[in-house]
Structures are given as C-alpha cells and as structure tokens.
Amino acid sequence: MDNVKSVTKDQDNNRKIKDIRRNSLNVPNFIIYILIPLLPLLVFWFIPMIISLMISFTDWDYISPKFNIIGLKNYLEILKSSEFWQALKNTILFGFGTVCPTLIIGFLMALIIEKVKKGKDIFQGFLFSPWITPMVAMSIVWSWMFRPSVGLINYCLKFLGINGPNWLMDSKYALIAVMIVTVWKTAGWAMLYYSDAISKIPKDLFEVCNLEGANSLQKIKYIYFPLTIKTTLFLGIISLINSIQAYDQISVLTRGGPAGSTRTLLYLFYQMAFEQFNMGKATTIAIIMVIITGILASIMFYMQKKLVK
Numbered sequence: 001m002d003n004v005k006s007v008t009k010d011q012d013n014n015r016k017i018k019d020i021r022r023n024s025l026n027v028p029n030f031i032i033y034i035l036i037p038l039l040p041l042l043v044f045w046f047i048p049m050i051i052s053l054m055i056s057f058t059d060w061d062y063i064s065p066k067f068n069i070i071g072l073k074n075y076l077e078i079l080k081s082s083e084f085w086q087a088l089k090n091t092i093l094f095g096f097g098t099v100c101p102t103l104i105i106g107f108l109m110a111l112i113i114e115k116v117k118k119g120k121d122i123f124q125g126f127l128f129s130p131w132i133t134p135m136v137a138m139s140i141v142w143s144w145m146f147r148p149s150v151g152l153i154n155y156c157l158k159f160l161g162i163n164g165p166n167w168l169m170d171s172k173y174a175l176i177a178v179m180i181v182t183v184w185k186t187a188g189w190a191m192l193y194y195s196d197a198i199s200k201i202p203k204d205l206f207e208v209c210n211l212e213g214a215n216s217l218q219k220i221k222y223i224y225f226p227l228t229i230k231t232t233l234f235l236g237i238i239s240l241i242n243s244i245q246a247y248d249q250i251s252v253l254t255r256g257g258p259a260g261s262t263r264t265l266l267y268l269f270y271q272m273a274f275e276q277f278n279m280g281k282a283t284t285i286a287i288i289m290v291i292i293t294g295i296l297a298s299i300m301f302y303m304q305k306k307l308v309k
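Every letter in the sequence shown is one number past the one before it in UniProt numbering, and letter 150, counting from 1, is 150.
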C-alpha cells in the first residue's frame, strides 16, 4: 500500500513539474520575462555591433551614401600602420599607469578612513567628490595647473628646487600628466568600494590578530588584502575598461599630442572617423577594441574565479 502511495505521489509531482514547464514556456511569459529584458541589449549592443562589423569591411567615408566592399583590407592596413601600434602601446601604458595607482591609492585611503572615528562620512564624501565632477571641467582646471610658467604643479616643484617640465607639450611627460588627472578622478571611487568591503570584515579577526600581537602590515597582508580580493578584481575589470574608453581628458589636455604620444586607440578611432572621415578604418579599430576588452575581461573573470576559491 505504501509503495502504491509513493508511486502515486511521484506521478503527481512529475505532472506538476510538467505543468510548470508548460506554463513557463508559453508565448506571453517568453515575451514578458525574456524578450523585453533583452530588447535594450539587442537594440543598443548587438545591432550596432553587427552594423559596425559590416562597415569595417567597406571604404565608407561617413559623408557619401556610396561605399565599396573591400574585405579585410582595412584590417590589414590598420595592423600594418605605425599609428595603430603606437596607439595600442599608449593604451597599454595608460591602462597600467592608471589602474594600478587607482587600486593602490583607493585601498590605502580606505584603510586610513577606517581609522577615522568622527566625520568619517565627510571625509569619504570629500575624497569621492572628484569622481562626480565632470571630466571635461576637471581637465580644464588641470590644464591650468600644468602650465609651465604659472601652473601650480611647477610652482610647487620650483619651491622644492626642481625645474618642472612642460607637461602637456613634452612627449616624455604628456601621457604621465593625463594619467595623473585620471587617477585623481578615480581613486576616490575605488576608495568607496574598498571602504564597503573593509566594513564587512568580521571584527573577531582583528581581535585575534591583536591577541597574537600582529602589526599593521601583517593585518593588511593576512586580513585586509585577502578579504578584499573580490573588490580588487571587480575594480580592476571596470578600471581597465574605463582606461580603454578614456577620451575626455585626452581631448581637453593634449588632443592626442604631442607627436601622438597620448593618442590611445579610442582617440585614434575619433581621428579616423571624424577628422579623416574614414569610417571603415575607424570601425575596424572599434572592433579591435571590443576584442581586446573581451579578452581582458575574460582573463580578469578567470583570475577572480581561481583566486576567490
């Protein structure tokens, strides 16, 4: 008798599961729960991506409605171009020169803020304020500060007995100047994420460390850093993508100069598309940027999966 009841119960459960699956796969549910949420991704990413890929195989000049399909010619010419490789090198240097300082400074600021007992929110808001300041406005202010004769930066260096360079007109220092502006803006943003991660660390761990006589460096090494690794990898991914997409500060401060020393891939795309009116080559650069971004994001997600374990 018990076996009969068990079989009947299993049959009822299977029937309910089939009913749920049948109801969940009907057309209205598909439209409401799958198709509508996918529409923004389809309209604003997939369709433009397909159109860009198609344009990259043409010689369209952005003005004329006529164009010719030229196959892989744009890709071959871009990969042979010295401008492309210089822009790629500048993009890599800019990425490492902004991502690493952003994470390090943001982490250190979060550690300092954690020790503040009164006015913690005020200090966080003050350090976060550059992030909410428009990059164009901030870059204009920094361009004044980088002026060789009357700028604040060189004035401070002169006070220390150092002759400051012509920051924005010297190819040795122009990219460094753009990096400084970028890190100034993003460090407070990283600090806010690190502060949130640090606040979630169990206090018992610090009590054990105090009983063991651990110093500040040991706490950073064995508690703060391992327990904020997820935040570090997340910030690393976002910062890398932002560094590839950097445009405003370069446009305001240097316009890609001098001699292309601050021209990144995105700025080269802008020059190809809207100054040289070669949309075919410009979209080729855009496709290459998407591929690079995808590879970097995949590597970071792989590292996150391995390190978090």
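Backbone N, C-alpha and C define an ideal beta-carbon position, used for all residues, glycine too.
Coil, strand or helix - residue i by DSSP
i	result
THR254	coil
ALA297	helix
THR262	coil
ILE78	helix
ASN3	Low per-residue confidence applies at ASN3: pLDDT is 47, beneath 50, and the placement is therefore not dependable enough to give any value.
ILE63	coil
LYS306	helix
ILE69	strand
THR58	strand
ASN90	helix
LYS117	coil
PHE277	coil
MET169	coil
GLY164	coil
SER129	helix
PRO148	coil
SER267	Residue 267 is actually Tyr in this sequence, not Ser. In the structure shown, TYR267 sits in a helix (DSSP, three-state: H, G or I).
Rounded C-alpha distance that separates residue i from residue j
i	j	result
THR91	ASN215	39 Å
ALA187	ILE36	37 Å
LYS115	ILE201	14 Å
MET303	PRO65	46 Å
GLY161	ILE51	56 Å
ALA177	SER261	11 Å
THR182	GLY256	15 Å
ILE285	LEU205	49 Å
GLN249	GLY213	47 Å
LYS5	ILE34	Confidence at LYS5 is low in this model, with a pLDDT of 46, below 50, so its placement is unreliable and the value that follows should be read with caution. Computed Cα separation, rounded: 39 Å.
PHE159	LEU152	10 Å
PHE107	GLN218	15 Å
VAL290	LYS203	42 Å
LEU211	ILE223	15 Å
ILE69	LEU53	12 Å
LYS117	LEU111	12 Å
LEU266	LYS305	30 Å
TYR194	LYS172	33 Å
THR98	VAL43	32 Å
LYS221	ALA297	26 Å
ARG147	LEU39	48 Å
VAL252	VAL136	7 Å
GLY82	ASN154	Looking at the sequence shown, residue 82 is not Gly but Ser. Each residue's Cα considered, the two are about 33 Å apart.
residue 315	LYS89	Examination of residue 315 is not possible in this model, given that the chain is present from 1 through 309 alone.
GLU207	SER149	53 Å
CYS209	TYR270	53 Å
ASN3	SER199	Confidence in ASN3 is poor, its pLDDT being 47 and thus under 50, which makes the residue's placement unreliable; the coordinate value appears in the next sentence. Computed Cα separation, rounded: 55 Å.
ALA273	ALA282	5 Å
Where the alpha helix (DSSP H) containing residue i begins and where it ends
i	result
LYS221	No alpha helix (DSSP H) contains LYS221, which DSSP labels as neither H nor E.
TYR155	152-159
MET179	174-199
PRO40	36-41
LEU211	203-212
ILE140	135-145
LEU235	229-244
Expected contact under 8 Å - CB spacing of residue i and residue j to nearest Å
i	j	result
THR264	ALA87	6 Å
ALA190	LEU103	6 Å
PHE84	LEU268	7 Å
TRP184	ALA174	About 16 Å separates the two Cβ atoms, so there is no contact after all.
LEU233	MET169	That pair is no contact at about 38 Å.
Chain C within 9 Å of residue i, Cβ atoms only
i	result
LEU53	Among the chains of the structure shown, chain C does not appear; only one protein chain is present.
| message | Is it the case that the region 228-244 contacts the region 138-146, given that we only count it when at least three CB pairs across the two stretches are under 8 Å? | response | Short answer: they don't touch.
| query | So, do the region 56-63 and the region 275-285 have three or more beta carbon pairs nearer to each other than 8 Å? | reply | Yes: at least three Cβ pairs fall under 8 Å.
| query | If we count Cβ pairs, one from each stretch, closer than 8 Å, do we get three or more for the region 124-131 versus the region 235-255? | reply | Here the region 124-131 makes no contact with the region 235-255; the two share fewer than three CB pairs at distances below 8 Å.
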